[in-house]
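These notes concern the structure reproduced below.
Residue numbers (the working numbering), protein chains in the order written: chain P, 1 to 71; chain Z, 1 to 368.
Encoded structure:
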């Protein structure tokens, strides 16, 4: 077998693996689409995550520091 | 094959693989929560704000030592250590850790150092400082006060900018939610109204930033901070109501009204506190969000229960239909078969159904 053929095979396998790894999370893994959302209510999307439940970014500290002139 | 061709092939393979993986990472990054970035920026500004105060306090400790030989360097060392620890919470984007440490450690240490300075300056005469030294001390302190004031004002503006960005990010995220719910014909009127309120508040905030009126900006930010918490709760409540309204007729059909009543009750509990202008008292913030989360989970469960009922209903319909077909086949089986022009299977040599409606062909599935 020619070296070029071997390299082409390696390239094909590499692309196949990379392509599969890319589509796996969204295209292959099962979702609950077929079991819960086919009624178009979509209520299973009401996930309240931690970011939403911690909405504030906080405030600046309001401690007053000493700034008087010496007596 | 020569080395050059080997190299070209290797580079091509790596480039193609890298491109595919890079695209995959880009896809993931768009799914990230954009408010995480503003949370990190807010912590950095809050740290810098405290740093202004610590730096000004430490400068005064140095001045007191320089002009009156009063040694308060222990306070300075404590504050420097505190700020080093506080920085780890900024770097780790750990808001809870930052809040706890700044309130429980940095603030008391800063207050103590500040009080010690005030005490020393009140009794400055006891240190027998010459008039020249006292005047030099005052001049230096006045200069440092200006730097400190400018430092604090700058952080007020930066915090306002982060807040504006933070709320804008919320609107962008919420816009996606509203679009998806609109597609499913759910009510989004209240959610749109809340987003419009945020847009108006942000415009007001930007005008204050542009004006350079730090006092007004500070007052606006205090009010906005409180509104911000209500905006989030009000949006989630409006969202839950949209889902609930969609589910309610189906829940009623399948005798699940009790579940809807429980959701209503939790939403009402949250709603009584999530009102513009209301200031949360101890524990009320958590109460609101526990009710919101509880209602969300109940809505999910109700949707699943309704789905189960609908699936069962559908299966029953399919069974009834199959039974009808079977009955019809039985009736058809008692008549001579009708030839179908162009159809398959019922030619002169096709297997004939027997009197029970089943097919003589062993490979037949039985579905008609």
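Using N, Cα and C, we set each Cβ at its ideal position, and we do this for glycine too.
Comparing C-alpha distances from residue 57/P to each of 120/Z, 54/Z, 127/Z, 169/Z shows the shortest one belongs to 169/Z. For residue 220/Z, no CB of chain P lies under 9 Å from its own CB, so it is not counted at the interface with that chain.
Between residue 164/Z and residue 214/Z, the CB-CB gap reaches or exceeds 9 Å. According to the DSSP assignment, residue 168/Z belongs to the alpha helix (DSSP H) that extends over 131-183. With contacts defined by Cβ atoms closer than 9 Å, residue 68/Z and residue 133/Z form a contacting pair. In the same chain as residue 161/Z, and ignoring 5 residues on each side of it, the C-beta atoms closer than 7 Å to its own belong to 209, in chain order.
Cβ proximity to chain P below 9 Å picks out 95, 96, 98, 99, 102, 103, 106, 107, 110, 111 from the segment 82-111 of chain Z. When 9 Å is used as the limit between beta carbons, residue 60/P is near these residues of chain Z: 45, 46, 49, 50, 152, 155, 156, 159, 218, 221, in chain order.
Remark: fewer than three beta-carbon pairs, one from each stretch, lie closer than 8 Å, so the segment 294-301 of chain Z and the segment 319-336 of chain Z are not flagged as touching. Flagged as an interface residue toward chain P: residue 129/Z, by a C-beta distance shorter than 9 Å.
In this structure, the beta-carbon distance from residue 197/Z to residue 220/Z does not fall below 9 Å.
Where residue 62/P is concerned, there is no enclosing alpha helix (DSSP H), because DSSP gives it neither an H nor an E. Residue 330/Z has its alpha-carbon roughly 28 Å from the corresponding atom of residue 311/Z.
Between the segment 239-250 of chain Z and the segment 179-191 of chain Z there are three or more C-beta pairs closer than 8 Å, enough to call the two in contact. For residue 9/P, the number of other beta carbons within 10 angstroms of its own is below 16, and it is reported as exposed. With a threshold of 9 Å between beta carbons, residue 317/Z makes no contact with chain P. Between the segment 44-63 of chain Z and the segment 71-84 of chain Z, the count of Cβ pairs shorter than 8 Å is three or higher; the stretches touch.
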